[in-house]
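Undergrad:
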Amino acid sequence: MIPCPEPRGYPGNLGRLFDAHAGAERPAIIDLYDAARPRPWSFRELDSACDACARGIVKKGLKAGDRVGILSLNRIEFVITLLGSMRAGLVPVPINIKLAAETIAYILGDAAARLVFVEPALKRLVPPTLPVIEFGTSGKTGFDSFLDPGPFEAFAPGPDTIAVQPYTSGSTGQPKGVLLTHYGQNWSRLVLAHSRGTNERDVILVAAPLYHKNALNAIKQGLTAGAMLPLLPQFSVERYTDAIEQYRCTVISGVPTMISMVLGRGDLLERIDTSCVRTVMMGSAPSSSQLLADVRRAFPRAEALVVYGVTEGGPVPLGPHPDGKPRPPGALGVPYAGTEAKLVDGAGADEGELAVKNPGILLAYHNLPAETAKRLRDGWYYTGDVCRRDAGGFYYYVGRIDDMFVSGGENIFPVEVETLLERHPAVHQALVMPFDHEMKGQVPYAFVVPRAGAKVTEEELKQFALAHGPVYQHPRRVFFLKELPLAGTNKIDRDKLREWVANGTFDGRGS
464 MIPCPEPRGY PGNLGRLFDA HAGAERPAII DLYDAARPRP WSFRELDSAC DACARGIVKK
524 GLKAGDRVGI LSLNRIEFVI TLLGSMRAGL VPVPINIKLA AETIAYILGD AAARLVFVEP
584 ALKRLVPPTL PVIEFGTSGK TGFDSFLDPG PFEAFAPGPD TIAVQPYTSG STGQPKGVLL
644 THYGQNWSRL VLAHSRGTNE RDVILVAAPL YHKNALNAIK QGLTAGAMLP LLPQFSVERY
704 TDAIEQYRCT VISGVPTMIS MVLGRGDLLE RIDTSCVRTV MMGSAPSSSQ LLADVRRAFP
764 RAEALVVYGV TEGGPVPLGP HPDGKPRPPG ALGVPYAGTE AKLVDGAGAD EGELAVKNPG
824 ILLAYHNLPA ETAKRLRDGW YYTGDVCRRD AGGFYYYVGR IDDMFVSGGE NIFPVEVETL
884 LERHPAVHQA LVMPFDHEMK GQVPYAFVVP RAGAKVTEEE LKQFALAHGP VYQHPRRVFF
944 LKELPLAGTN KIDRDKLREW VANGTFDGRG S
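So the sequence shown is residues 464 to 974, counted in the numbering used here.
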């Protein structure tokens, strides 16, 4: 197994994760918030700003353990606040900016946030009873005025001290606060940087939102290793593609939908030199074999890496094979040394719900003892993800337990139907969802993005599915779109698709 490094300086303050590079004058982050004026921040500048943020927090009278909300697009102030608040012993609560105002209010209330750092345009979403600090301004409530320059001695956390409190997406009820410790996240970041060979020569493009684990992991991994991170305010295919060439990015990452959208713009990719990219990391959702093949064609010198993690779980229970065996396409990896993984309640020993045990799993859900007891048992975190394991010990994602649906007595995992449809030469991307049916209970509907210039009909795809898979899996309806709609975490907005089907408003949206 790949050895897992022990966090240096245990327990260590996660806010000081780039201490090894803190005095360096080379760029740590390129803030691309203002497209016309990119702003490089050296490690030294970033370190000083994080200290100034910590001092500003103390000056405000906040104490260790207090929560502070962050509601913003990606920008340097987000990173400074995230790390600076941890240095002061506070717990940052990154919030999805696309949530409804009432859900944001719920999160801030549930966390008992004392202060909210906010994008000025999003201030309207913060309950008026809460004090705010506005990014990008220097007035009375501005971030520039809030900072208190000078050295700061970081708070010394204990083994179970909470470092950060992200919230789950809330797709099945209210969002849940996830309590992640300084110790566990220090372990996690060191494993990420170590196992992926990240170093000072790397340039890691960050475009996923910083309130999502995908981007947070990239920040932790990159700063730990002393890499440079171009930081886009939000995902845009055009700006993402331009940044790859402008900054000669060696690592690009995102959820599969983001990468698929980039690949769908072959006209943009053809204009740039992609030879600098050595790793394309995709996580937070399944990556089909067709998507992986497309990545290899567009980035011929890169490894297409499917990474696994959940907000609650590490995020790195699985990694490279200990004997150096090549990772099969689509494999998530094998357990690291010092960690455990098992499959439970499946049809056989090599398929079932994935449960993991490692230093990075959550301490608990905030204010939810029953949910904590349900998902955390004897040190194991039960992920709710169904996986399978091959003879070589590699794990593969099958689907979410709560995504599986029953059609006429047959169990269907949507990802299996999606993988089947994406084998059709005219299909670039497919999403499958269950819809109610009076006889079958539920049946699969497919939402398909065709390849550029390709022509395909609904009946053709139905017949393809019937010819190449179980009859019960074939989609009863197929809808064509130019692109799939995205929700706040750059995952597909399934509620929007259901709304379009219910209202019959697909006209004009298809190819």
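Backbone N, C-alpha and C fix where the C-beta goes; we use that ideal spot for every residue, glycine too.
CA-CA distance, F541 and Y860?
TA: 32 Å
Undergrad: Under the criterion of a Cβ to heavy atom distance below 8 Å, does E816 qualify as lining the ligand SAM?
TA: Judged by which ligands are present, the structure shown has none, so any question about the ligand SAM falls away.
Undergrad: With 9 Å set as the bound, which would you pick, yes or no: does the beta-carbon of S738 sit closer than that to a beta-carbon of chain C?
TA: Absent from the structure: chain C. Only one protein chain is present.
Undergrad: Should K603 go down as buried or exposed, given a rule of 16 or more other Cβ atoms within 10 Å for buried?
TA: exposed
Undergrad: Can you give the beta carbon distance from L806 to G815, rounded, assuming they're within the 8 Å contact cut?
TA: 4 Å
Undergrad: Could you check which residue in A487, F506, C516 has the C-alpha nearest to that of D494?
TA: F506
Undergrad: Measuring CA to CA, which of V714, M721, L732 is closest to V743?
TA: V714
Undergrad: What are the partner residues of Q684, as DSSP defines its beta bridges?
TA: Its beta-bridge partners do not exist; DSSP assigns none.
Undergrad: Can you tell me whether L610 is buried or exposed? The criterion is at least 16 other CB atoms within 10 Å of its CB, across all chains shown.
TA: buried
Undergrad: Beta-carbon separation of P710 and M691 under 9 Å?
TA: What sits at residue 710 in the sequence shown is Tyr, not Pro. Yes; because the gap between Cβ atoms is below 9 Å, this pair is in contact.
Undergrad: Quick one: give me the first and last residue of the beta strand (DSSP E) that C850 is part of.
TA: Counting along the chain, the beta strand (DSSP E) containing C850 begins and ends at 843-852.
Undergrad: Evaluate contact between the stretch 642-655 and the stretch 622-631, counting only Cβ atoms and requiring at least three cross-stretch pairs below 8 Å.
TA: Output reads yes: the stretch 622-631 touches the stretch 642-655.
Undergrad: Can the beta-carbon of P948 be found less than 9 Å from the beta-carbon of P907?
TA: no
Undergrad: Is there contact between the stretch 714-729 and the stretch 655-672, where contact requires at least three CB pairs shorter than 8 Å?
TA: yes
Undergrad: Considering only their Cβ atoms, is the gap separating E885 from S752 smaller than 9 Å?
TA: The beta carbons of S752 and E885 sit closer together than 9 Å.
Undergrad: At which residues does the alpha helix (DSSP H) containing Y771 begin and terminate?
TA: Looking at the DSSP string, Y771 is not in any alpha helix (DSSP H), and its letter there is neither H nor E.
Undergrad: Return the Cβ separation of I955 and L883 in integer angstroms, given the expectation that the two are a contact with Cβ distance under 8 Å.
TA: I955 to L883, Cβ: 18 Å. No contact.
Undergrad: If distances are taken between C-alpha atoms only, which option among H931, A917, P897, V934 comes closest to R961?
TA: P897
Undergrad: Could you please give the first and the last residue of the uninterrupted alpha helix (DSSP H) stretch that includes L694?
TA: Run containing L694: none in the alpha helix (DSSP H); it sits in the beta strand (DSSP E), 692-694.
Undergrad: Helix, strand or coil for M724, going by three-state DSSP, please let me know.
TA: helix
Undergrad: Give a yes or no on whether the C-beta atoms belonging to A678 and N537 are separated by under 9 Å.
TA: yes
Undergrad: Over the uninterrupted alpha helix (DSSP H) stretch that includes K925, give me the two end residues.
TA: 921-931
Undergrad: By the DSSP assignment, the beta strand (DSSP E) with A818 in it spans what residues?
TA: Under the DSSP assignment, A818 falls in the beta strand (DSSP E) whose first and last residues are 814-820.
Undergrad: Does the pairing of the stretch 485-501 with the stretch 523-539 give three or more beta-carbon distances under 8 Å?
TA: yes
Undergrad: Are F910 and V869 closer than 9 Å when you measure CB to CB?
TA: no
Undergrad: Going by CA-CA distance only, name the one from E582, G486, R728 that's closest to G532.
TA: E582
Undergrad: Quick one: what does DSSP say D573 is sitting in, helix, strand or coil?
TA: helix
Undergrad: Does the beta-carbon of H829 have 16 or more other beta-carbons within 10 angstroms, so that it is buried, or is it exposed?
TA: buried
Undergrad: Would you kindly work out how many angstroms separate the C-alpha atoms of P877 and M867, rounded to a whole number?
TA: When rounded, the distance between both Cα atoms is 7 Å.
Undergrad: Taking the alpha carbon of A917 as the reference point, which residue from Q892, A930, Q905 has its own alpha carbon closest?
TA: With distances taken between CA atoms, A917 lies nearest to Q892 out of Q892, A930, Q905.
Undergrad: In its own chain, which residues sit with a C-beta less than 7 Å from the C-beta of P594, not counting the 5 before and 5 after it?
TA: L578
Undergrad: Judging by CA-CA distance, which residue of K522, E488, T544 is the nearest neighbour of L477?
TA: Looking at K522, E488, T544, the one whose alpha-carbon comes closest to that of L477 is T544.
Undergrad: Cβ of V654 within 9 Å of Cβ of Y858?
TA: No, the pair does not count as a contact, with Cβ atoms beyond the cut-off.
Undergrad: Measuring CA to CA, which of D510, G552, D514, S511 is closest to L525?
TA: G552
Undergrad: For L825, name the three-state secondary structure that DSSP assigns.
TA: coil
Undergrad: State yes or no: is the C-beta of C739 within less than 9 Å of the C-beta of E708?
TA: yes
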